[in-house]
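Below: the structure, in structure tokens.
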Amino acid sequence: MSVIDIEDLSFAYDSDPVLENINLHVQERDFLAIIGPNGGGKSTLLKLILGLIKSKKGTIKVFGKTPSKNLSLIGYVPQNTNVNTDFPIKVIEVVLMGHVGKKNPLFGYGKDEISCAMGALSQVGMQAFAQSKIGSLSGGQRQRVMIARALCAHPKVLILDEPTSSIDIKGQKEIYELLKLLNQSITIIVVSHDISVILEYANKAAHVNKQLSFHDISDKKKTFHTHDNTGHFCEIELLQMLGAVECSSCDASDTSTSSVTNTNNNSLSEPVEGKSKWRETK
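Per my numbering, the sequence shown starts with residue 105, numbered consecutively.
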């Protein structure tokens with residue numbers, strides 16, 4: 105089932121083009137990872153999907169309708185959600201904010217809303233912290249709460265913008281393992297600079313830098329000739345396939361997998377530590 109359909113989409117701020125001829129089709133229970141340089145249009149693409157801005161050229165559909173018609177089906181976790189650690193708000197109250205728009209918080213929340221919020225906390229493993237102050241939690245725990253807030257509205261698509269920024273390595277792993285679990289029932293779209301995340305968790309990948317390069321990477325062994333049975337991948341190879349960088353270190357002697365280059369010859373600004381670096385993902 106098609107969840108998001110974008111066809112021939114272009115967008116500009118005044119006369120400054122940001123996105124050109126974007127085509128993207130996201131299917132039910134996809135785990136799509138989006139990478140690209142700062143200023144390449146990733147945030148603009150998310151805003152278009154969320155219906156926060158409109159394009160004058162091309163079409164974008166969410167479950168067959170314009171984004172504004174199906175906003176209730178999308179959960180969104182923004183980047184670096186600011187939390188005033190001194191403000192005495194409880195975890196359960198933060199999650200209940202996911203009902204804002206459906207329920208006027210001035211009149212309080214009923215048993216159904218509270219039950220829903222507790223269910224969302226249970227999904228992310230934070231039910232035991234429901235009565236804790238949000239400021240007392242670690243960065244990883246707070247991010248779980250923000251995911252629970254997005255889940256409170258029972259979305260069919262969960263969009264996250266850099267969900268593990270400012271979180272330690274252990275917390276990052278836990279967040280992505282959680283998203284992997286949630287992906288069994290909902291579609292996940294993640295904007296991330298962590299290439300290893302794409303290699304380990306995503307089944308689809310897109311590089312956005314004004315234009316979009318898209319690839320199905322669900323079969324890692326078939327897609328990457330540098331994949332072996334121990335779970336190693338070459339990050340450079342993925343970037344090359346997405347049209348981001350030239351791959352000079354990967355063994356390209358295996359011609360069974362052809363890399364696809366971006367016709368714009370765009371370059372990716374994210375740091376990649378060493379052209380011959382290998383990352384163990386298991």
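All C-beta atoms, glycine included, are put in the ideal place defined by N, C-alpha and C.
query                                                                                                                                                         : result
Report yes if the C-beta distance between residue 181 and residue 257 is below 8 angstroms; otherwise report no.                                              : no
To the nearest angstrom, report how far apart residue 320 and residue 235 are at their CA atoms.                                                              : 42 angstroms
Put residue 116 into one of helix, strand or coil per three-state DSSP.                                                                                       : strand
Taking only runs of the beta strand (DSSP E) that begin and end inside the segment 257-321, which ones reach a length of at least 3 residues, in chain order? : 261-265, 291-295, 308-313 and 315-320
Using beta-carbon positions only, say whether residue 267 and residue 228 come within less than 8 angstroms of one another.                                   : no
When the distance is taken between beta carbons, is residue 126 closer than 8 angstroms to residue 168?                                                       : no
Three-state secondary structure (DSSP) at residue 140?                                                                                                        : coil
If you reduce the DSSP assignment to three classes, tell me which class residue 179 lands in.                                                                 : strand
Applying the 10 Å Cβ sphere with the 16-neighbour rule, what's the burial state of residue 183?                                                               : exposed
Just checking my contact of residue 286 with residue 303 at CB under 8 angstroms: how many whole Å lie between their CB atoms?                                : About 19 angstroms; that fails the 8 angstroms criterion.
In or out: residue 279 buried (at least 16 other Cβ within 10 Å) or exposed?                                                                                  : buried
What did DSSP end up calling residue 128 once you bin it into helix, strand or coil?                                                                          : strand
By DSSP, does residue 168 sit in helix, in strand, or in coil?                                                                                                : coil
With 16 other CB atoms within 10 Å as the buried threshold, where does residue 118 fall?                                                                      : exposed
Given that a residue counts as buried once 16 or more other Cβ atoms are within 10 Å of its Cβ, and exposed if not, what is residue 313?                      : buried
Quick one: what's got a C-beta closer than 8 angstroms to residue 243's C-beta in the same chain, skipping five residues either side?                         : 270, 271, 272 and 275
Should residue 214 be labelled buried (16 or more other beta-carbon atoms within 10 Å of its own) or exposed?                                                 : exposed
Use the C-beta contact count for residue 232: other C-beta atoms within 10 angstroms, 16 or more gives buried, fewer gives exposed.                           : exposed
Considering Cα atoms alone, identify which of 115, 140, 134 and 130 is closest to residue 299.                                                                : 140
Let me confirm a value: residue 171 is counted as buried when at least 16 other C-beta atoms fall within 10 Å, else exposed. Which label applies?             : buried
Give me whichever residues DSSP pairs with residue 217 in a beta bridge.                                                                                      : DSSP output for residue 217 lists no bridge partner at all.
Give me the Cβ distance between residue 318 and residue 310, rounded to the nearest whole Å; I'm assuming they're in contact under 8 angstroms.               : 5 angstroms
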